[in-house]
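A.B. asks:
Protein chains: 2
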Amino acid sequence: MLISEVSEKYGLTQDTLRYYERVGLIPTVPRKPNGIRDYDDYSCGWVEFIHCMRNSGIPVEVLVEYVHLYQQGSKTKEARIGLLKEELKSLDERIENLQATRKRLAYKIEHYNDFDKA
Amino acid sequence: MLISEVSEKYGLTQDTLRYYERVGLIPTVPRKPNGIRDYDDYSCGWVEFIHCMRNSGIPVEVLVEYVHLYQQGSKTKEARIGLLKEELKSLDERIENLQATRKRLAYKIEHYNDFDKA
DNA sequence: ACTTGACTTGAAGTTAAGACAAGGTGATAC
DNA sequence: GTATCACCTTGTCTTAACTTCAAGTCAAGT
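Order-wise, the sequence lines are chains A and B.
Under numbering that gives the first Met the number 0, the first residue of the first sequence is numbered 0, with each subsequent residue one higher.
Under numbering that gives the first Met the number 0, the first residue of the second sequence is numbered 0, with each subsequent residue one higher.
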């Protein structure tokens, strides 16, 4: 699969895909003899996963670390799970935070005439 | 109230408070005769509100616009409500997105042994 | 009088996460 | 056989949202 197709498929620009690979967010993508990227299912799986995680705001740095651990093999499994659990926790916090703000905002809209103030 | 106290109270650095005022995220804070900021309840209210909104990721630019409208007086009320509704909507979207990712992440952790793949 | 510490302003620096540009290669289209 | 693509790499630029810096003022303590 060409980079243009992967770009299309996941809604990431080609630049972003190359960037992800460069910084180690995605394991090296296989090349054709002439050096052109040829994404296989494995690479696409990574793209899809990373895309999702990035979308939810997990920092590049953290994901780079995850990929790095992954590449060390099965001995890092616990570390990887630990990392994911951390992120899950911080995701939960963010969700709660957003929900609180959401509530406040909805209330403010609802009662906008009552105050003239923040 | 001094900037140091406001900083303490809301957990924003003094620099951030000055920055917020400079870019118009908060209406101008009153000064003592010697030029030192003297936050009153009105200013504090804004700080608190803006802090909360920023925390939830609403862009500075949008909030600046809101404050700007606010300062035009009551004729902009509808516009302000509209703006808030927009943000509420985008907040909802983000929350849903995060919840989906949260679910995926939780599942991945739960079944980590089943895959060796993303 | 002098240092200390909190404050002021305006400008320049930082960081994360890409976006963009320049220059180059190789396969296909005419 | 040359023009045009789609791709490559390397390196610089951009944007948001602060943060830090430089240079100075002012009030209080010793």
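No residue lacks a Cβ here, since even glycine has one placed at the ideal position from N, Cα and C.
Quantities reported herein were computed from a predicted structural model and do not represent experimental measurements.
Check the Cβ of Ala55(A) against every Cβ in chain B and list those closer than 7 Å, keeping chain order.
C.D. replies: As a position in the first sequence, residue 55(A) is number 56, starting the count at 1. Before going further, note that residue 55(A) is Ser rather than Ala in the sequence given. By Cβ distance, chain B contributes Asn96, Leu97 and Thr100.
A.B. asks: For chain A, is any of its Cβ atoms less than 9 Å away from the one on Lys76(B)?
C.D. replies: Reading the second sequence from its first residue, position 77 is the one you call residue 76(B). Chain A contact via Cβ: present.
A.B. asks: Going by beta carbon distance, what residues of the same chain come within less than 7 Å of Thr90(A), once the five residues before and after it are set aside?
C.D. replies: By 1-based counting over the first sequence, the position of residue 90(A) is 91. According to the sequence displayed, residue 90(A) carries Leu and not Thr. So the qualifying residues of the chain are Ser55.
A.B. asks: With a threshold of 9 Å between beta carbons, is Ile108(B) in contact with chain A?
C.D. replies: Working through the second sequence from its first residue, we reach residue 108(B) at position 109. Chain A, which has a Cβ nearer than 9 Å to the Cβ of Ile108(B), makes this yes.
A.B. asks: Please classify Thr100(A): is it buried, with 16 or more other beta-carbons within 10 angstroms of its beta-carbon, or exposed?
C.D. replies: Within the first sequence, numbered from 1, the residue matching residue 100(A) stands at position 101. Buried.
A.B. asks: Does the pairing of the segment 9 to 22 of chain A with the segment 35 to 48 of chain A give three or more beta-carbon distances under 8 Å?
C.D. replies: Taking 8 Å as the limit for Cβ pairs, the verdict is that the segment 35 to 48 of chain A does touch the segment 9 to 22 of chain A.
A.B. asks: Taking Arg36(A) as the query, report the chain B residues whose CB atoms sit under 8 Å from its CB, ordered along the chain.
C.D. replies: Here residue 36(A) is taken as the residue at index 37 of the first sequence, counted from 1. In chain order: nothing, as chain B lies at least about 18 Å away.
A.B. asks: Does the Cβ of Gln70(B) lie closer than 8 Å to at least one heavy atom of the ligand NAD?
C.D. replies: In terms of ligand content, the structure shown is empty, and the ligand NAD therefore cannot be addressed.
A.B. asks: Any idea if Tyr41(A) is buried or exposed, counting beta-carbon neighbours within 10 angstroms, 16 or more meaning buried?
C.D. replies: Taking the first sequence and counting its residues from 1, the one referred to as residue 41(A) is at position 42. With fewer than 16 other Cβ atoms within 10 Å, it is exposed.
A.B. asks: Along the chain, where does the alpha helix (DSSP H) that runs through Arg101(B) open and close?
C.D. replies: Working through the second sequence from its first residue, we reach residue 101(B) at position 102. That run of the alpha helix (DSSP H) goes Lys76 to Glu109.
A.B. asks: To the nearest angstrom, report how far apart Ile35(B) and Ile25(B) are at their CA atoms.
C.D. replies: Locating residue 35(B) in the second sequence gives position 36, where the first residue counts as 1. Locating residue 25(B) in the second sequence gives position 26, where the first residue counts as 1. Their Cα atoms are separated by approximately 16 Å.
A.B. asks: Give the DSSP bridge partners of Arg36(A), in chain order.
C.D. replies: By one-based count along the first sequence, residue 36(A) stands at place 37. Looking at the DSSP assignment, Arg36(A) forms a beta bridge with Arg30(A).
A.B. asks: So, Gly23(A) versus Val63(A), is the Cβ gap smaller than 9 Å?
C.D. replies: For the purposes of this step, residue 23(A) is taken as the residue at position 24 of the first sequence. For the purposes of this step, residue 63(A) is taken as the residue at position 64 of the first sequence. Closer than 9 Å, so yes.
A.B. asks: For Ile80(A), return the contacting residues in chain B, with the cut-off set at a CB-CB distance below 8 Å.
C.D. replies: Along the first sequence, one-based indexing puts residue 80(A) at 81. Within 8 Å Cβ-Cβ: Ile108 and Tyr111.
A.B. asks: Of the choices Tyr69(B), Leu83(B) and Gly72(B), whose alpha-carbon is the least far from that of Lys102(A)?
C.D. replies: As a working note, residue 102(A) is residue 103 in the first sequence. The shortest C-alpha separation from Lys102(A) is found at Leu83(B).
A.B. asks: Can you find a C-beta in chain B that's less than 9 Å from the C-beta of Lys84(A)?
C.D. replies: Along the first sequence, one-based indexing puts residue 84(A) at 85. Output row for Lys84(A): interface = yes.
A.B. asks: Measure the C-alpha to C-alpha separation of Asn112(A) and Thr15(A) and round it to an integer number of angstroms.
C.D. replies: The residue given as residue 112(A) occupies position 113 in the first sequence. The residue given as residue 15(A) occupies position 16 in the first sequence. Each residue's Cα considered, the two are about 45 Å apart.
A.B. asks: Starting from the Cα of Arg79(B), find the closest Cα among Ser3(B), Lys88(B), Tyr65(B) and Lys8(B) and give me that residue.
C.D. replies: Within the second sequence, residue 79(B) is the residue found at index 80, counting from 1. Comparing Cα positions, the closest option is Tyr65(B).
A.B. asks: Could you confirm whether any beta carbon from chain B is found closer than 9 Å to the beta carbon of Asp91(A)?
C.D. replies: If you number the first sequence from 1, residue 91(A) lands on position 92. At least one chain B Cβ lies under 9 Å of Asp91(A).
A.B. asks: Just the C-alpha distance for Glu4(B) and Asn96(B), rounded to the nearest angstrom, thanks.
C.D. replies: Your numbering for residue 4(B) matches position 5 in the second sequence. Your numbering for residue 96(B) matches position 97 in the second sequence. One C-alpha to the other measures close to 37 Å.
A.B. asks: Sort Pro32(B), Asn33(B) and Tyr38(B) by Cα distance to Ile2(B) and report the nearest one.
C.D. replies: For this step, residue 2(B) is matched to residue 3 along the second sequence. For the residues Pro32(B), Asn33(B) and Tyr38(B), the minimum Cα distance to Ile2(B) belongs to Tyr38(B).
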